[in-house]
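Here is the structure we will look at, set down as structure tokens.
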Amino acid sequence: MRVAENLNQSLHSLLEAEPRAYVLGEDIADPYGGAFKVTKGLSDSYPGRVLTTPISESGIVGAGAGLALAGDVAIVEIMFGDFVALAFDQIVNFASKSVSMYGRRVPMPLVARCPMGGRRGYGATHSQSLQKHFIGAPGLSLYELSPFRDSYELLSEIVEREEPAMLFEDKVLYTSQMFTDGVVDDLLSFDRHPQAPDVARVFVDDPDRYDVVLIAAGGMAHRACEAVRDLLVEEEITALLLVPTRLYPFAAEPLLGTLGAADVICVAEEGTAGGTWGAEVAQQLHQRLWGTLRRPVRLVHSADSVIPSAAHLEERVLVSGDTIRQAVVEALRD
Amino acid sequence: MRVAENLNQSLHSLLEAEPRAYVLGEDIADPYGGAFKVTKGLSDSYPGRVLTTPISESGIVGAGAGLALAGDVAIVEIMFGDFVALAFDQIVNFASKSVSMYGRRVPMPLVARCPMGGRRGYGATHSQSLQKHFIGAPGLSLYELSPFRDSYELLSEIVEREEPAMLFEDKVLYTSQMFTDGVVDDLLSFDRHPQAPDVARVFVDDPDRYDVVLIAAGGMAHRACEAVRDLLVEEEITALLLVPTRLYPFAAEPLLGTLGAADVICVAEEGTAGGTWGAEVAQQLHQRLWGTLRRPVRLVHSADSVIPSAAHLEERVLVSGDTIRQAVVEALRD
Amino acid sequence: MTDVSVETRGTNTGANTNTEADTDATATVNAPPDLTAVGPLTELADDDLELLLLIRHFERKLLDLFGQGELNGTTHTCLGQEYVPVSLRPLLEDRDFVFSNHRGHGHYLSRFRDPAGLLAEIMGREGAVCSGVGGSQHILRDRYLSTGVQGQSLPVAVGAGLHQLRADPGALVCAFIGDGTWGEGAVYEALNMAQLWRVPLLVAVEHNGIAQSTPAVANMAGTIEGRAAAFGIRYQRVASLDVNAVRTGLAPLVHEVREQRSPLVVEFVTHRVGPHSKGDDTRTREQLAHAREHDWYRLYGAAFPEHFESWDGKVRAEVDEIARDVAGRPPAVWSGSCA
Amino acid sequence: MTDVSVETRGTNTGANTNTEADTDATATVNAPPDLTAVGPLTELADDDLELLLLIRHFERKLLDLFGQGELNGTTHTCLGQEYVPVSLRPLLEDRDFVFSNHRGHGHYLSRFRDPAGLLAEIMGREGAVCSGVGGSQHILRDRYLSTGVQGQSLPVAVGAGLHQLRADPGALVCAFIGDGTWGEGAVYEALNMAQLWRVPLLVAVEHNGIAQSTPAVANMAGTIEGRAAAFGIRYQRVASLDVNAVRTGLAPLVHEVREQRSPLVVEFVTHRVGPHSKGDDTRTREQLAHAREHDWYRLYGAAFPEHFESWDGKVRAEVDEIARDVAGRPPAVWSGSCA
Ligand SMILES: Cc1ncc(C[n+]2csc(CCOP(=O)(O)OP(=O)(O)O)c2C)c(N)n1
Ligand SMILES: Cc1ncc(C[n+]2csc(CCOP(=O)(O)OP(=O)(O)O)c2C)c(N)n1
Ligand SMILES: [Mg+2]
Ligand SMILES: [Mg+2]
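Chains as they are written, first to last, in this note's numbering: chain A, 7 to 340; chain B, 7 to 340; chain C, 1113 to 1451; chain D, 1113 to 1451.
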């Protein structure tokens, strides 16, 4: 099943299971069903609770916050996650703050779904990975859609927390298959990390034998898998890949055992340079594993650049499987 | 001279020296002269180029970008920097992108001035330090007002770069005095870092003798000075304080010599936990000074919390001089 | 449903705000009060007068306390505008959401009559309605919420209205905003959604002609009426300062918001008698005089001196007493995260 | 100033778009054309027809190339709407700023007649006007700029207009937006500033009744006329599809934007004949038929078959040739930062 279908089914299930749930977004009504078809069938099945909206990103996130505040559950689709920039105030200065700004905990089950990422040639304003800009807003959690984790489970976890959250969805995932039954391909397997069930572990044979640990979320997981394969086949380096679904707050603690044993830890993401999610992860690991680490956590991210439209230029800017592989090889040389 | 006066004079000088310069902002016209009086006298002296605006943060930053794009120089005051959240799209997705998104460099001399910080009891939506959320937007530079550096020099540097920039101004600075003639107080002196003239060095006797280096910008500098004093007097630890004015991109290179010699490096900022500026600085230092560092760069920031209104609660959340001192002492123990 | 008459002491329903030139007696009795004219004040119910005075003396006390350096932070008093929330009070129900703004003390006190809780909040003392975390601008209690970012609450109000539609038909959402706040794009995004989705939203615009230091002429092109019309939203102008007239006049319109899922913008032509926040008033002497001329406090005192006197000193003394009490309390305790 | 007549081939100035019922001959000659009615088309100047066809065949070629998998990314064609920028073309001057949007190919081609540069941009080939970095939605050339975030450009246009006021009085700023884009708060923040500051801003609204998949009724409460009026901004509705009429009718209004520092909203009632982007059209057969009935291409071909035929094949062949040329070029080179 494709990731988009899995997500679509999850939204159906959520609307079914949770009569207080609403889905709002631009062009999400049937028969169109959203720019990426993730909301297909929802408005036909749940007419009063699935609202196609005007082009008002700030307004619709605010409306979602109002629903959540009033006791409902609101899922808001931002057509291209780039446009969530327009809702920064509503997310950071209203929804997230409301959880604690009034001196007691206010439940606020609001999820802003943000399709992100490049490699589709949409150009600079439709290809970004803006995750990093939302790190560290008190009260706000960041999640990433993963092909290794059923999105209904993920959505339920988010909604049950009753706090504002952003769910980042790499657009290229939509058309990829969900991984099931522990199989990635002929070479790679996956399971759940025993200490952190929301983190998938991708490994070659034995999840406990590796030289290198890669950490990569969402749509970067495929490129990281590619790197794991290439590292093994071409460099004889065994890598373990961890795919978390919760980006922030990032729970490093349960992973420390796994990470402490690695020669190299490499965090890969598609966001451009500077203030990256990787830097946040690295900061935690440097504090906690200082004596153990052989070298600094290696960050892999896209270039400090706008994302060009033309495929050959876009490729120069964005992280590829090869970028990750090279980073690991370089790191091992240091 | 107070920092607000220095900044006010700098704006006068800029409007005088640069006939293409505009200043836009809410309530900036005389006789009011801005919520913090930083724009006092400007609209009387330069009527056509100093515009008091409607309450439209996104709109006025956009208008500033339009002026800059058309060949002017635009300084936009955001009354409380918290509200720059409303202009996130214009800053990140228009102004910053325009510099390179069209395949060639487009000059865009636009400065968004953002009064930030707490300790005035204004409450959660008027007390934040949102610097961190703007780190790593390609094309966007982040600066911080400093009591150690003439703001005309700083503004000129920013404007000459012809790229979108944010100038963060800790509100508590406005009423503090500029430091001049190398004197901080009876104990501390300052100069410019010889390799990085935009960075001030605050030291006890000799800028080359220290156990610890603190890095703190803007309004945190006073608290860091307090920490330097207390560390010396109460703990017999000599600290050197570096006060940069350019937060991002942060130029670590010229400071590596200084930093490499420290027992502890501590970066202090008022922003709350998670995805901090300090994590970005630390990331660079961990990469470059790995073999040299005795311990991880220590980050000091406010708690992972909204900023309460009541003084006694606000104090619990925000960084104080004491927080910095304690962090250094603890770090030395590790 | 709301029973307006219970709250009304005088027999006047505001109909006599018509000018004397109006000689058609039947029309005078049956016609709705002319909300768009200032007109003379009518006698208030004790309850309304007391509430008006409570807000007035509460706000004055705040400015005093600030003057004495007893208060931290900032505050925005609603001096001169007290009659707006007092007029609306019985038209709103507990199940309705109210979204207030920076200038919200009158809104809060009208809804809860809780000066001690609010003052404790502002002073950060025990009994603070939001544990001292919120402060003057950030208050949440039951279905009442204020926040300090202009315009932000309107889209939120639309969402709360969507909730009401399904969860509690007939309930509405009332959002207070100032004239200057019409600079924010969020206002228009919200109006558009409210009308498209037929959300029971009542936007109460307190148009005091000024935003902080900026007069409306420098802030707003066109009119609020036109801006409501732009979205096909019903609009009512209220220039009257008379609580009875305003209330009677608005009752049927508010009823329609509930029953017809029909958003409504009510523009109160009002007057900020005090400074924007603590002492920052750069208006001319004439402008200030004009505001003061429209101060219900002075006008009511002149029109109904006995009634006024019978309450004014008493309420002031009560507020003094509350302030003394609150000032003597220990600091507010916040169990919330300081992690 | 702009000389409209130079560009006009036919003697018709659009006045005969009046219906036949109109028998007052003097009125027919002197009255401005009725822009608000569709009316019959008049004969076009060669130059205009050629440009219209250039845009049409350019857009069709893009859809072909997409269909063949030759293009990366996305694109939004202006099929059916070509006459809007063509009508405006001689009313705009080089010194004017033009802000375009996602559906901007027609705007660009009308200004620069540079199909090769634009196609190279979209295909990422040598000669690309923005080195292939921008792509279909992000184009900058001289004083022409497009970007892909709806509404974002209106405040920017206000700023550019402020610049014009001082640097080059008489120059204006034209911003194209769609009907759906009126959902964005930025639009209102900009209109307010434009009118307050009397910025020479011409907002050209291409109201094709749909935004991606969402019909205007689900997107927009009220009307665009009302929204302009909300800010006291002049407004003109244009239903006519006739380039001559539209141009003649708008010329004096555009002149006023320049000379009277007076913003203007022009609403073009237009019709999107193609899909939103590549094939995503969920409109009903009737809706599509309605759009096609208003397609100037079909209408002009029927009204002036000889003139039409004399150009249509030729321009199509030219576009084919350009596409072949561009497709054969090496990839665009970007000297910009890849650091
Ligand atoms: C988004 C935002 N911008 C600016 C401010 C600062 N500010 C607080 S009140 C105010 C004026 C508001 O004017 P108006 O809406 O007319 O309300 P009034 O104060 O007159 O009641 C301003 C600019 C703010 N709180 N929020
Ligand atoms: C801020 C933002 N939100 C959403 C989109 C996605 N999007 C692109 S075009 C479009 C529809 C625009 O409709 P309209 O303004 O009517 O222009 P049209 O496409 O009809 O020409 C949408 C929603 C966008 N580009 N920018
Ligand atoms: Mg006001
Ligand atoms: Mg449209």
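Heads up, the beta-carbon is just placed ideally off N, CA and C, and yes, glycines get one too.
Please indicate yes or no: does the CB of D/ARG1215 lie closer than 7 Å to some heavy atom of ligand 2?
-> Indeed, a heavy atom of ligand 2 lies less than 7 Å from the Cβ.
I think D/SER1258 touches D/GLN1249, with their Cβ atoms under 8 Å apart; what is that distance to the nearest whole Å?
-> Contact holds; Cβ gap of about 6 Å.
Excluding the 5 residues preceding and the 5 following A/MET7 in the sequence, name in chain order all residues of the same chain whose CB lies nearer than 6 Å to its CB.
-> Cβ neighbours of A/MET7 beyond the five flanking positions: MET184.
Assuming A/VAL29 contacts A/LEU48 (C-beta within less than 8 Å), just tell me the rounded distance between them.
-> Contact holds; Cβ gap of about 6 Å.
Using Cβ-Cβ distances below 8 Å, what residues of the segment 113-133 of chain B are close to chain C?
-> The segment 113-133 of chain B vs chain C, Cβ under 8 Å: ARG126, GLY127, TYR128, GLY129, ALA130, THR131 and HIS132.
Opposing strand residues paired with C/HIS1319 [DSSP bridges] | Residue pairing by DSSP puts C/HIS1319 in a beta bridge opposite C/VAL1381.
Quick one: is the Cβ of C/ARG1339 within less than 7 Å of any heavy atom of ligand 1?
-> The answer is no for C/ARG1339.
If we cut at 8 Å on Cβ distances, does B/ASP328 have a partner in chain C?
-> By this cut-off, B/ASP328 is not an interface position.
Out of A/ILE84, A/ARG301 and A/GLY145, point me to the one whose CA is closest to A/VAL112's CA.
-> Checked all of A/ILE84, A/ARG301 and A/GLY145; the closest Cα to A/VAL112 is A/GLY145.
From the DSSP output, in three-state form, read off C/TYR1409 for me.
-> Per DSSP, reduced to three states, the secondary structure at C/TYR1409 is helical.
In the structure shown, what three-state DSSP assignment does B/ARG8 receive?
-> Strand, per DSSP.
A/HIS199, buried or exposed, once every other Cβ within 10 Å from all chains shown has been counted against 16 = Buried, because 16 or more other Cβ atoms sit within 10 Å of the Cβ of A/HIS199.
Hey, is the segment 1231-1251 of chain C in contact with the segment 1274-1294 of chain C, meaning 3+ C-beta pairs nearer than 8 Å?
-> Segments in contact, no.
Hey, how far is the Cα of A/LEU75 from the Cα of D/VAL1210?
-> CA-CA distance, A/LEU75 to D/VAL1210, rounds to 42 Å.
When we look at the beta-carbon of B/PRO203 and count the other beta-carbons within 10 Å, is it buried (16 or more) or exposed?
-> In summary, B/PRO203 is exposed, with fewer than 16 beta-carbon neighbours lying within 10 Å of its beta-carbon over all protein chains present.
Assuming C/VAL1378 contacts C/VAL1317 under a Cβ cut-off of 8 Å, what Cβ separation, rounded to an integer in Å, is found between them?
-> The pair is a contact, with the Cβ atoms about 7 Å apart (cut-off 8 Å).
Run through DSSP, which three-state label would B/CYS6 get?
-> Look at the range of chain B in this structure, 7 to 340, and you will see that residue 6 of chain B is not part of it.
Return the CA-CA distance between A/ASP187 and A/ARG207, expressed in angstroms with no decimal places.
-> Near 13 Å, if we compare the C-alpha coordinates of A/ARG207 and A/ASP187.
Give the straight-line distance between the Cα atoms of D/LEU1183 and A/VAL303, rounded to the nearest whole angstrom.
-> Rounded to whole angstroms, D/LEU1183 to A/VAL303 spans 39 Å at the Cα level.
Looking at D/ALA1302 and D/LEU1266, is the spacing between their C-beta atoms short of 8 Å?
-> In this structure, the beta-carbon distance from D/LEU1266 to D/ALA1302 falls below 8 Å.
Short CB-CB distance (under 8 Å) between D/PRO1442 and chain A | At a cut-off of 8 Å between beta-carbon atoms, D/PRO1442 makes no contact with chain A.
Within the structure, which residues are defined as neighbours of ligand 5 by a Cβ-heavy atom distance below 7 Å, reported in chain order?
-> Among the ligands present in this structure, namely ligand 1, ligand 2, ligand 3 and ligand 4, ligand 5 is not found.
Which chain D residues are close to B/THR59, counting only those with a beta carbon under 8 Å from its beta carbon?
-> Here the neighbours are MET1305.
Any idea if D/SER1422 is buried or exposed, counting beta-carbon neighbours within 10 angstroms, 16 or more meaning buried?
-> Exposed, by the Cβ-count rule.
Distance, Cα to Cα, A/LYS103 vs B/ASP88?
-> In this structure, the alpha-carbon of A/LYS103 lies about 12 Å from that of B/ASP88.
Taking C-beta pairs closer than 7 Å, name the residues in chain A that D/VAL1377 reaches, listed in chain order.
-> Here the premise fails: no neighbours, minimum Cβ distance about 18 Å.
With A/GLN293 as the anchor, note down where its alpha helix (DSSP H) starts and where it stops.
-> Unbroken alpha helix (DSSP H) run through A/GLN293: 283-294.
Under the three-state reduction of DSSP, which class applies to B/ASP197: helix, strand or coil?
-> Assignment of B/ASP197 by DSSP, reduced to helix, strand and coil, places it in the strand class.
Pull up the distance between the alpha-carbon of A/TRP283 and that of B/LEU237, whole angstroms please.
-> Cα to Cα, A/TRP283 sits roughly 33 Å from B/LEU237.
Since I believe B/SER315 is in contact with B/GLY109 (beta carbons under 8 Å), could you give me their beta-carbon distance rounded to a whole number of angstroms?
-> Going by Cβ atoms, the distance from B/GLY109 to B/SER315 rounds to 48 Å, so no, they are not a contact pair.
Is C/HIS1388 near ligand 1, judged by its Cβ being under 7 Å from some heavy atom?
-> Yes, Cβ of C/HIS1388 sits closer than 7 Å to a heavy atom of ligand 1.
With a threshold of 7 Å, establish whether the CB of B/MET85 neighbours any heavy atom of ligand 1.
-> Answer for B/MET85: yes, Cβ within range of ligand 1.
Just grab the DSSP bridge partners of C/PHE1209 for me.
-> The partner list for C/PHE1209 (beta bridge, DSSP) reads C/VAL1285.
Return yes when the C-beta of D/HIS1188 is under 7 Å from any heavy atom of ligand 2, and no when it is not.
-> Yes, the Cβ of D/HIS1188 comes within 7 Å of a heavy atom of ligand 2.
Could you name the residues of the same chain whose beta carbon sits closer than 6 Å to that of C/ASP1393, not counting the 5 residues immediately before and after it, in chain order?
-> In chain order, PRO1387 place their CB closer than 6 Å to the CB of C/ASP1393, counting only its own chain and leaving out the 5 sequence neighbours on each side.
Quick one: measure Cβ to Cβ for A/GLN201 and A/LEU247, integer angstroms, because I've assumed they're closer than 8 Å.
-> With 8 Å as the limit, A/GLN201 and A/LEU247 do not qualify as a contact, their Cβ atoms being about 16 Å apart.
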